[in-house]
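Enquirer: Following this message is one structure expressed as structure tokens.
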Amino acid sequence: MPVLLFRPKDYLFPSTVDELLEILDRHGDTAQIIAGGTTIHELAYRKGMGDVRTLVDVTRLPWGRISQHDGDLRVGATVTFTELAAYARNTAPRRLAVITDAIAGIRPMQIRNMGTVGGSICSSLPFFDLPAAFVALGASVTTRGVGTAARTRPIEDFFWDFFLPDLKFGEVLTEVEFPVPGPGTGGSFQKFESNSVDWALISIGVQVEVRGDRFTGVRIALGGGIGRKVTRAVTAEQALLGRPATTDEIERAARHVTEDVRAFSDFRGSADFRNHLLKVYLTRCLTQATRRAAP
Ligand SMILES: Cc1cc2nc3c(=O)[nH]c(=O)nc-3n(C[C@H](O)[C@H](O)[C@H](O)COP(=O)(O)OP(=O)(O)OC[C@H]3O[C@@H](n4cnc5c(N)ncnc54)[C@H](O)[C@@H]3O)c2cc1C
Numbered sequence: 001m002p003v004l005l006f007r008p009k010d011y012l013f014p015s016t017v018d019e020l021l022e023i024l025d026r027h028g029d030t031a032q033i034i035a036g037g038t039t040i041h042e043l044a045y046r047k048g049m050g051d052v053r054t055l056v057d058v059t060r061l062p063w064g065r066i067s068q069h070d071g072d073l074r075v076g077a078t079v080t081f082t083e084l085a086a087y088a089r090n091t092a093p094r095r096l097a098v099i100t101d102a103i104a105g106i107r108p109m110q111i112r113n114m115g116t117v118g119g120s121i122c123s124s125l126p127f128f129d130l131p132a133a134f135v136a137l138g139a140s141v142t143t144r145g146v147g148t149a150a151r152t153r154p155i156e157d158f159f160w161d162f163f164l165p166d167l168k169f170g171e172v173l174t175e176v177e178f179p180v181p182g183p184g185t186g187g188s189f190q191k192f193e194s195n196s197v198d199w200a201l202i203s204i205g206v207q208v209e210v211r212g213d214r215f216t217g218v219r220i221a222l223g224g225g226i227g228r229k230v231t232r233a234v235t236a237e238q239a240l241l242g243r244p245a246t247t248d249e250i251e252r253a254a255r256h257v258t259e260d261v262r263a264f265s266d267f268r269g270s271a272d273f274r275n276h277l278l279k280v281y282l283t284r285c286l287t288q289a290t291r292r293a294a295p
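All residue numbers for the sequence shown refer to our numbering, where the first residue is 1 and numbers rise by one.
Laid out in structure tokens, this is it:
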């Protein structure tokens, strides 16, 4: 039986954002936010919690809501995967399919019930599934810090490196938002794992808009083991924009997918294998998203 060596001294439940920021400011880097706790649990198990002595639980803050404002969908930081998938399924199943697909692939079920949107984004790991789905949807993130105004920026700028989000000392993520996908849009998310419990070798989130049988909007986000952060496949996107929404065009564009990323080799698979997977899975994703965009 493994021994869990991480023993925090305090476990605090702030009830307002100001109280949370004050706690983080007072405790410095000996305090860490905990939401669903699923990544923290892994870090603790691997002795990766450093000098943390105080865990600050954000699940009692008013961040558990999903709402629409002026054409944007706003998702609070503590919304769980299960709650977000249910909302997407009930609201616009084909237009928000990139979200439901991504969450359906998150296993086991306990992670879907406990894991939160904020925890998934703030871990800043390209292997996690929801970040690529949000990049495909053109999402932005909003953060707050002590004594500073809220900052909103594109989510793709938020990921700097493994475990390194664009968060200043004491700053927290409050919500993620993206334009509600309109008529003629569809999404898809697919990933390839060598087994059901390992990180994805590659993952792809796609959102397309089709008008008059042509692609009028395309966003492709690549994750998994293809780089140190989620990356847009801009060349493949450009190859499709304005082109007819046909299988030939999709296959032609998918051949460009490796031009914007540098896949790496590790014990899970070679860079060549990952590049091959990217082309195969992008073709599948674009085909599925295009079908879902049909009236
Ligand atoms: C067994 C297992 C299987 C998994 N399978 C998958 C999978 O298939 N697909 C997948 O994508 N992921 C998977 N994960 C990872 C899981 O998605 C993440 O652990 C989860 O998204 C993190 O959310 P959380 O709320 O549990 O985060 P926490 O563990 O609570 O926090 C994660 C990090 O984010 C920080 N943080 C949390 N909220 C905020 C905030 N509002 N502002 C600032 N910082 C914040 C925390 O301080 C911490 O550094 C798996 C994890 C486990 C343990």
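By construction, the Cβ of each residue, glycine as well, lies at the ideal position given by its N, Cα and C atoms. Since we're looking at a predicted model, the values are computed, not measured.
Does the distance between the C-beta of Phe128 and the nearest non-hydrogen atom of ligand 1 fall short of 7 Å?
Expert: yes
Enquirer: Between which two residues does the beta strand (DSSP E) carrying Arg7 extend?
Expert: First-last for Arg7: undefined, no H or E at that position.
Enquirer: Between the Cα of Ser76 and the Cα atoms of Tyr281, Ala263, Thr283, Thr143, which residue gives the shortest distance?
Expert: The question names Ser, but residue 76 is Gly in the sequence shown. Comparing Cα positions, the closest option is Thr143.
Enquirer: What is the residue span of the beta strand (DSSP E) that Arg219 lies within?
Expert: Arg219 -> beta strand (DSSP E) spans 214 to 224.
Enquirer: Identify the continuous alpha helix (DSSP H) that holds Leu130 and give its terminal residues.
Expert: 129 to 136
Enquirer: Can you round the beta-carbon distance between Pro126 and Arg53 to whole angstroms, since I take them to be within the 8 Å contact cut?
Expert: Incorrect: roughly 30 Å between the Cβ atoms, too far for contact.
Enquirer: Between which two residues does the alpha helix (DSSP H) containing Leu272 stretch?
Expert: For the record, residue 272 in the displayed sequence is Asp; it is not Leu. 271 to 293 is the span of the alpha helix (DSSP H), which, as asked, contains Asp272.
Enquirer: Beta carbon of Glu83: closer than 7 Å to some heavy atom of ligand 1?
Expert: no
Enquirer: What's the gap between the Cα of His256 and the Cα of Thr39?
Expert: 34 Å
Enquirer: In angstroms with no decimal places, state the Cα-to-Cα distance between Phe264 and Gly227.
Expert: 7 Å
Enquirer: By Cβ distance below 7 Å, which residues in the same chain neighbour Leu96 in space, the five residues on each side in sequence not counted?
Expert: Ala88, Pro181, Gly187
Enquirer: Put Thr174 into one of helix, strand or coil per three-state DSSP.
Expert: strand
Enquirer: Given 7 Å as the limit, tell me if Gln32 has its C-beta closer than that to any heavy atom belonging to ligand 1.
Expert: Ligand 1 approaches Gln32 closely enough that one of its heavy atoms is under 7 Å from the residue's Cβ.
Enquirer: Would Arg243 and Phe273 qualify as a contact pair, given that the criterion is a beta-carbon distance under 8 Å?
Expert: no
Enquirer: Could you name the residues of the same chain whose beta carbon sits closer than 7 Å to that of Gly138, not counting the 5 residues immediately before and after it, in chain order?
Expert: Phe178, Pro179, Arg219
Enquirer: With distances taken from CA atoms, which of Leu55, Arg112, Ser123, Asn275 is nearest Trp160?
Expert: Ser123
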